[in-house]
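In this note's numbering, the protein residues as written are 256 to 459.
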């Protein structure tokens with residue numbers, strides 16, 4: 256009876272023992288193939304979408320610039336030429352003092368030693384004011400003044416007389432057209448003020 260039972264179990268177990276390993280093999284084999292198939296059947300990945308180029312930066316159009324107009328150039332500031340004076344005296348000391356006084360005040364000074372020398376200078380140059388001594392050799396101050404006032408070129412030139420003698424002062428009052436009489440030694444401030452006024456008048 257045992258023999259029959261073992262034969263019966265063997266007939267059932269043997270197929271089971273054969274079927275289970277086969278089923279496992281088939282499972283593992285068939286379990287991987289669908290993945291391969293899926294991989295084969297999966298549609299190819301679509302190519303990456305083209306990346307649109309970045310928009311160019313918007314640059315504002317430059318505003319039209321009105322042409323610059325240079326301001327008118329002012330003429331150079333030309334300093335006025337200094338007034339010119341003719342100083343006539345036969346004394347070298349007096350000429351030196353007068354020259355230093357008026358050059359220090361900014362005038363252009365020309366010196367002459369007598370009337371003849373002064374008339375020669377007047378024939379070449381123009382002066383704003385004539386300052387002359389009265390008592391001089393060759394041609395004295397009275398003759399020089401008469402010559403200046405009798406010439407068209409110099410008749411409008413102001414003349415100032417300087418003298419060291421009282422009798423000359425009395426005589427000079429008879430001369431027409433004089434703009435001042437100063438006694439030696441003269442007052443520098445008063446003489447400068449008188450010359451400044453006369454030089455401005457002749458410049459105008």
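Glycine is no exception: its CB is placed at the ideal position from the N, C-alpha and C atoms. All figures in this text were calculated on a predicted structure; none of them were measured in a lab.
Ranked by Cα distance from residue 421, the first of 411, 407, 431 and 440 is 440. By DSSP's assignment, residue 363 forms a beta bridge with 339. DSSP places residue 400 in the uninterrupted alpha helix (DSSP H) bounded by 396–404. Pairing residue 349 with residue 355, the inter-Cα distance amounts to about 10 Å. Taking C-beta separations shorter than 6 Å and ignoring five residues to either side along the sequence, the partners of residue 384 in its chain run 340, 413, 450, 453 and 454, following chain order. Residue 357 carries a helical assignment under DSSP once its states are collapsed to helix, strand and coil.
For residue 376, the enclosing alpha helix (DSSP H) begins and ends at 370–377.
Per DSSP, the beta bridge partners of residue 416 are 387 and 436. With fewer than 16 other Cβ atoms inside 10 Å of its own Cβ, residue 407 counts as exposed.
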